[in-house]
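See structure below.
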Amino acid sequence: MTISVADIKFVRSLQQKKFRKEYGLFVTEGIKPVKELLNSGLEIERVYATEALDFLPNDHIVISEKELGRISGLKNPNRVLALAKIPTTQFSWEKPLVLLLDGISDPGNMGTIVRTAKWFGVTDIVCINDCVDAYDRKVVQSTMGALFHVSILYTEIDNVLKQADDHGYAICGTDMYGDSIFDFKPFKKTILAIGSESHGLSEGIRSSCKGLISVPNLESEQKVESLNAGIATGIVLSQLTKKTALG
């Protein structure tokens, strides 16, 4: 089957946030991410593939490798591309540990953080202060399917502070000069705030924190100034989830 010029333009348009928002769709590429997508329960719009892979739905559209290259956002397209509906966020504010991303603008860091959070069982993620779109192509690819199993809420700082107060959360932020994560005792309900690499936590969040925590640098010469946001989040979550009973 030949893909139409109109469909090529449509799929490629979804690389831009404004069109993802307009159509309520996002793109996933590659065998593992598409497998995860198909098993996630999200609503699938259509699937394109260069061959009849055994995990694909019966109504998938077979196209040539050249055609896949024309709709793909990857340098080396990997046999299958799917369009799915962006889910309506289901957010309960009931989990004992919620992740708050404060101005995370790098797609790679966002993807790593989402993937790491899911690994440690943290599935409620709040984004404020111009975080990158979670359905950006680079974010989707770097989560390797974890994105389809978490709830991501984009909101304003005032709403976060209200929800924290209403639902009994203490906000704790990461800061290179904070107390060691290895000594930190989590609250019964904790919102873990991760700031951007360039600016750290916003003043509104920092001033609302009940505690600031850090990953201590154990290298005596301290030639490395800081960890990137994705790695720091992984280390902090590995410690917090040892001490917090996740629901």
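Numbering follows my numbering, in which position 1 of the sequence shown is assigned residue number 917; successive positions increment by one, without gaps. Where is the CB? At the ideal position from N, CA and C, for every residue including glycine.
Of the choices the options, whose alpha-carbon is the least far from that of residue i?
i     : options                       : result
M1060 : L1069, I1044 and G1027        : G1027
T1005 : C1043, A1109, L953 and G1150  : C1043
Y1051 : A1033, K933, G1019 and T918   : K933
L1134 : F1098, F1007, R1053 and I960  : F1098
G1019 : S1112, Q1155, I1121 and G1120 : S1112
G1024 : S1154, R1053, K1034 and P1003 : R1053
I1022 : L953, A1033, L1156 and S1058  : Per the sequence shown, residue 1022 should be read as Asp rather than Ile. It is S1058.
V943  : P1102, K951, L1153 and A998   : A998
T1149 : E1010, L984 and R1031         : R1031
S1154 : I1121, K1034, S1142 and S1114 : K1034
L1128 : L1017, L954, L1108 and H1115  : L1108
L941  : P949, I947, E952 and R928     : R928
P1132 : I1151, E1119, E1010 and S1123 : I1151
K1126 : G957, D1095, P1003 and I947   : D1095
Use the C-beta contact count for residue i: other C-beta atoms within 10 angstroms, 16 or more gives buried, fewer gives exposed.
i     : result
A1000 : buried
L1162 : A caution first: L1162 carries a pLDDT of 44, below 50, which makes its placement in the model too unreliable to give a value.
S1074 : Here residue 1074 is Asp; the residue named in the question, Ser, does not match the sequence. Exposed, since its Cβ has fewer than 16 Cβ neighbours within 10 Å.
D1046 : exposed
T1106 : buried
A922  : exposed
G1084 : exposed
Y1093 : exposed
G1089 : buried
K1158 : exposed
E983  : buried
Would you check if the distance between the CB atom of residue i and the CB atom of residue j is smaller than 9 Å?
i     : j     : result
V1056 : V1048 : no
I1029 : L1015 : yes
R995  : L969  : yes
L1069 : D1040 : yes
S1067 : F971  : no
L990  : E961  : no
D1081 : L1117 : no
A1086 : I1110 : no
Among all the DSSP beta bridges, which residues are the ones paired with residue i?
i     : result
G1111 : D1018
T1071 : According to DSSP, which records beta bridges pairwise, T1071 is partnered with nothing at all.
F926  : Per DSSP, none; premise fails for F926.
Y964  : I977 and L997
S1130 : S1096
Pairs of beta-carbons, one from the stretch 925-938 and one from the stretch 970-980, closer than 8 Å: are there three or more?
no
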